[in-house]
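Visitor: Numbering (our numbering), first residue to last: 171 to 682.
Mind having a look at this structure? Questions to follow.
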């Protein structure tokens, strides 16, 4: 740490030799450790240690500092620490704060996931996110940490990383909350200069702090998985903040998960009532039972209310105006009754509602195993494929900004194991065709609707058949960017969901 901070001050000295007015913005992740009584000493130690990089740069590590003796004990010469005493300190403190920055230490580990279990060599405890402990709500979060920084250093402050690696709506809510808190802090008299969206083009494996190499990509203001950077709703929100000081049309109603009862680890703390009156409404048109169930699960996890309507019911078209987004799955499930598809598209276009229509690979025919991309013209080989092609044309004719999603074979947690690609769990061959795992599909579709994405998208979990005895049907490829995780990942999560599922009742139990 001393070497890093020495590098900072010597680098700034060199820079100021060329640009005398250059300023140093020193960033640091700022969190606080909370603990129950037996671990109060551990929390106090960590809460002092968290300031060390800034304390060094501000020349505060001197005799009498809480960690002075510890530095000397570790073999760091007093002369090395004295190097910081008379140099220009940071001009501005950059606060990086995440939902995982504030921590809670609890010796009762039983109520927490095992990946939070740890200790200090003497005490065993869980090290969990403090935001999940409702009794700490008034003491956690960005505002509380910025007040600490302002009181300790009396320097201008910026929020230099305001990022949440989650779904698009939760990213927007985190930005909304951060902006609102920053405005309130400025009104208190705190010299808060700026908010930085980080990172502009997203991050890879940041959810593990780069300790694992999974290729997990989190979009930022732009999504770079396609042939060129694609603006997300965060880019729209940032532009609106600059122009008008609010998120504008990109705003998403309802509280973030960090303010909802289900964030809590303990079941007795999740019993608090949570009003859904301000949650945005996702209108689901049609679909089979599995799709509807998964849509509700995804919606609840993201703070969306989900209402399902029958495509044959004219009243369903009337509900379009009350929805924040419309997912038309009338081509999915038994019956495949599209109903008044044109009317729903027109209603959504008139009210400027995001509208997504779920189509399928049946729109293409051809040699077994042939791949088709979004720009390929439809080649329906049967009556249903022809009907799908006509439905897609109807949607785009009546809603010019609609999103048409072509999927592979759908499977989800409620799917029959005999019909899902379980071979991927053992690294074996995956069944013929192209697959789309429902949880992955629905999350991405909702993100794209929030981004106001338009046109045709092929959304499949990459990974197709090899060496099967049956000829594979046509498969979907993409030239707009692969947005779903690999099929092996989806199959693994499906397998875990199946393993946790309670056993099916016997015929006798079902009858009873």
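No residue lacks a Cβ here, since even glycine has one placed at the ideal position from N, Cα and C.
Look at the Cβ atom of residue 192, then the Cβ atom of residue 185, and state whether they are nearer than 7 Å.
Guide: It is a contact, given that the beta carbons lie within the stated cut-off.
Visitor: Just mark residue 574 as buried or exposed, buried being the case when its beta carbon has 16 or more other beta carbons within 10 Å.
Guide: Buried: at least 16 other Cβ atoms inside 10 Å.
Visitor: Restricting to Cα atoms, I'd like to know which of 229, 653 and 218 is closest to residue 237.
Guide: Looking at the Cα atoms, 218 is the closest of the given residues.
Visitor: Taking the DSSP output, what are the residues bridged to residue 542?
Guide: Beta-bridge pairing links residue 542 to 646.
Visitor: Within the chosen definition, does the region 298-307 reach the region 264-279 through at least 3 CB pairs nearer than 8 Å?
Guide: Touching, yes.
Visitor: May I have the straight-line CA-CA distance separating residue 401 from residue 620, to the nearest angstrom?
Guide: Taking the straight line from one Cα to the other gives about 11 Å.
Visitor: Give, in chain order, every unbroken run of the beta strand (DSSP E) that is at least 3 residues long and sits entirely within the region 533-582.
Guide: Counting whole runs of 3 or more residues, the region 533-582 contains the beta strand (DSSP E) stretches 573-577 and 579-581.
Visitor: State buried or exposed for residue 174, treating a residue as buried only when at least 16 other CB atoms are found within 10 Å of its CB.
Guide: By the neighbour-count rule (16 or more Cβ atoms within 10 Å), residue 174 is not buried but exposed.
Visitor: From residue 430 to residue 510, what does the alpha carbon distance come to, in whole angstroms?
Guide: Between residue 430 and residue 510, the C-alpha separation is close to 37 Å.
Visitor: Which residue comes first and which comes last in the beta strand (DSSP E) that contains residue 196?
Guide: From DSSP, the beta strand (DSSP E) with residue 196 extends over 195-199.
Visitor: Check whether the Cβ atoms of residue 203 and residue 339 lie closer than 7 Å to each other.
Guide: No, the Cβ-Cβ distance between residue 203 and residue 339 is not below 7 Å.
Visitor: In whole angstroms, what is the alpha-carbon distance linking residue 514 and residue 309?
Guide: About 47 Å.
Visitor: Measure how close the beta-carbons of residue 329 and residue 374 come, nearest whole angstrom, since I'm counting them as under 8 Å.
Guide: Their Cβ separation, rounded to whole angstroms, is 23 Å, which puts residue 329 and residue 374 out of contact at 8 Å.
Visitor: Excluding the five sequence neighbours on either side, which residues of its own chain have a C-beta within less than 6 Å of the C-beta of residue 182, listed in chain order?
Guide: Same-chain partners within the cutoff: 194.
Visitor: Quick check on residue 241: does DSSP put it in helix, strand or coil?
Guide: If DSSP states are grouped into helix, strand and coil, residue 241 belongs with the helices.
Visitor: Measure the CB-CB distance between residue 731 and residue 226 and report whether it falls below 7 Å.
Guide: A query on residue 731 cannot be resolved here, the shown segment of the chain reaching from 171 to 682 and no further.
Visitor: By the three-class DSSP mapping on this structure, what secondary structure does residue 392 have?
Guide: Here residue 392 sits in strand by DSSP.
Visitor: Could you give the C-beta distance for residue 494 and residue 450, rounded to a whole number, given that I count them as a contact under 8 Å?
Guide: Right, the Cβ-Cβ distance comes to about 4 Å (below 8 Å), so this counts as a contact.
Visitor: Between the Cα of residue 426 and the Cα atoms of 210, 652 and 343, which residue gives the shortest distance?
Guide: Checking every option, the nearest Cα to that of residue 426 belongs to 343.
Visitor: Going by DSSP in three states, residue 639 sits in which element: helix, strand or coil?
Guide: At residue 639, the pLDDT of 44 sits below 50, so the modelled position is not reliable; the number obtained from the coordinates is stated separately. Three-state result, residue 639: coil.
Visitor: If you measure between the beta carbons of residue 262 and residue 190, is that distance less than 7 Å?
Guide: No, they are not a contact pair.
Visitor: With DSSP collapsed to three states, give me the class of residue 416.
Guide: Reduced to three states, the DSSP call for residue 416 is coil.
Visitor: Out of 378, 383, 381 and 372, which has the shortest C-alpha to C-alpha gap to residue 393?
Guide: The option with the nearest alpha carbon to residue 393 is 372.
Visitor: Would you mind giving the Cβ-Cβ distance between residue 314 and residue 360, rounded to the nearest angstrom? I have them listed as a contact below 8 Å.
Guide: Incorrect: roughly 12 Å between the Cβ atoms, too far for contact.
Visitor: Let me check one thing: in DSSP terms, what residues is residue 289 bridge-paired to?
Guide: In DSSP, residue 289 forms a bridge with 294.
Visitor: Which residue wins for smallest C-alpha separation from residue 582, given the options 576, 397, 612 and 209?
Guide: Answer by Cα proximity: 612.
Visitor: Which value, in whole angstroms, describes the spacing of the CA atoms of residue 565 and residue 616?
Guide: Straight-line Cα distance between these residues: approximately 18 Å.
Visitor: According to DSSP, is residue 475 part of a helix, a strand, or is it coil?
Guide: Residue 475 falls in the strand class under three-state DSSP.
Visitor: Does the separation of the CB atoms of residue 436 and residue 311 fall below 7 Å?
Guide: It is not a contact, given that the beta carbons lie outside the stated cut-off.
Visitor: Which full runs of the beta strand (DSSP E) of 3+ residues lie inside the region 251-335, going along the chain?
Guide: Counting whole runs of 3 or more residues, the region 251-335 contains the beta strand (DSSP E) stretches 262-266, 273-276, 287-289, 294-299 and 327-331.
Visitor: Could you give the distance in angstroms between the alpha-carbon of residue 324 and the alpha-carbon of residue 201?
Guide: Between residue 324 and residue 201, the C-alpha separation is close to 18 Å.
Visitor: Just how far apart, CA to CA, sit residue 383 and residue 666?
Guide: Each residue's alpha carbon lies about 21 Å from the other.
Visitor: Classify residue 438 as buried or exposed, calling it buried when 16 or more other Cβ atoms lie within 10 Å of its own Cβ.
Guide: That one is exposed.
Visitor: Which same chain residues end up closer than 8 Å to residue 172 when comparing Cβ atoms and leaving out the 5 residues on each side of it in sequence?
Guide: Excluding sequence neighbours, residue 172 sits near 226, 241, 246, 250 and 251.
Visitor: Tell me whether residue 353 is buried or exposed, calling it buried when 16 or more other Cβ atoms sit within 10 Å of its Cβ.
Guide: Exposed, since its Cβ has fewer than 16 Cβ neighbours within 10 Å.
Visitor: Within this structure, are the beta carbons of residue 555 and residue 502 separated by less than 7 Å?
Guide: The answer is no: Cβ separation not under 7 Å.
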